[in-house]
Amino acid sequence: MKKQIAIDGPAASGKGTIARGLARALNFAYLDTGLLYRAVAQRLLQGAESRAVVVARSLVRADIQDLHDLRVLEDLGLRHPAVSAKASEVAAESEVRSVLRGLQRDFADNPPADKSGAILDGRDIATVILPNAACKIFVTAAVVVRARRRLADLEAANFGGTESVPTLEDLRADLQARDLRDETRADSPLRRDSGALLLDTGEQSVAESIAEALAYARDCLNLAD
Ligand code: C5P
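If you read the sequence shown in our numbering, its first letter stands for residue 123, the second for the next number, and so on.
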């Protein structure tokens, strides 16, 4: 059985932090699947092409073939709030999802030889992309907690000091709008798989969340401590 960990949850829930912590501790390859939707959204915003599925196909063919080197994607300003909003729109398109689905499964099925398994995070990993993953975790936190985290991230990045940082209330509204769209779309909506551990990071430190996730992962992957 392949060693795969599926992590899902709403925006700014802490799933990326937990996924990176697990990947480091277990020596697993890690894919933040939101970056794929963000990459499509960013190219649409740049205006070279107007159909999301065409962009998705060209991404699959070219730049992101080597997903194991995702630093390329991380560097491109993909976390910008305008890209976040557009990504959630693009992600509702079934054709786009189907183009990106194969890529995500390939990544999960073929970790590099020096890695012990694969960990993916997103919205539909446990429910659609890897329904047979040995280990599934659903990460969540109250929306106000998530908005505060996002504000701290934006203040730290501030995109070169060139932009005004949104208010907490704006961020909260943005997160709620994005969550609602992700939860109510017809294709692969965000929802907790019945087999997933529910991890609420609202009242925990990062170290506590990672420790809880790690203990669970070792258990479901049958790994010794
Ligand atoms: O996780 P992140 O906030 O980077 O994802 C950006 C957007 O991409 C989400 O709001 C969601 O609409 C979409 N997404 C998705 N399925 C995934 C990962 C992300 O629909 N597996």
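Where a beta carbon is used, it is the ideal one built from N, C-alpha and C, also for glycine.
Could you check the C-alpha separation between residue i and residue j for me, to the nearest Å?
i: I251; j: E291; result: 33 Å
i: E325; j: S331; result: 9 Å
i: R173; j: T155; result: 20 Å
i: A204; j: L302; result: 17 Å
i: T139; j: G131; result: 12 Å
i: Q298; j: L200; result: 20 Å
i: A329; j: L336; result: 10 Å
i: A214; j: L153; result: 20 Å
i: V176; j: A346; result: 45 Å
i: Q126; j: V287; result: 37 Å
i: R219; j: V182; result: 12 Å
i: F150; j: A134; result: 22 Å
i: V266; j: R340; result: 31 Å
i: R160; j: N344; result: 34 Å
i: D296; j: P234; result: 37 Å
i: V221; j: R179; result: 6 Å
i: G169; j: V162; result: 11 Å
i: N254; j: S216; result: 22 Å
What first and last residue would you give for the beta strand (DSSP E) that runs through residue i?
i: L321; result: L319 to D322
i: Q126; result: Q126 to D130
Quick one, are the C-beta atoms of residue i and residue j less than 8 Å apart?
i: L121; j: A230; result: Summary: the structure shown does not reach residue 121, with the chain confined to residues 123 through 347, and so no result is reported for it.
i: L312; j: D304; result: yes
i: R300; j: A207; result: yes
i: A209; j: A128; result: no
i: A263; j: T323; result: yes
Let's see if you can read the secondary structure: which residues bound the alpha helix (DSSP H) around residue i?
i: A339; result: V328 to C342
i: L273; result: V265 to A279
i: D296; result: L290 to T306
Under 8 Å between C-beta atoms, does residue i make it to chain D?
i: A248; result: In the structure shown, chain D cannot be found, because there is only a single protein chain.
Note down, one range per segment and in chain order, each alpha helix (DSSP H) of at least 4 residues found wholly within the segment 149 to 180. 156 to 168
Counting only runs that start and end within the segment 186 to 262, where is the beta strand (DSSP E) found for 3 or more residues in a row? 240 to 244 and 257 to 262
Are the segment 225 to 239 and the segment 313 to 324 touching, with three or more C-beta to C-beta distances below 8 Å? no
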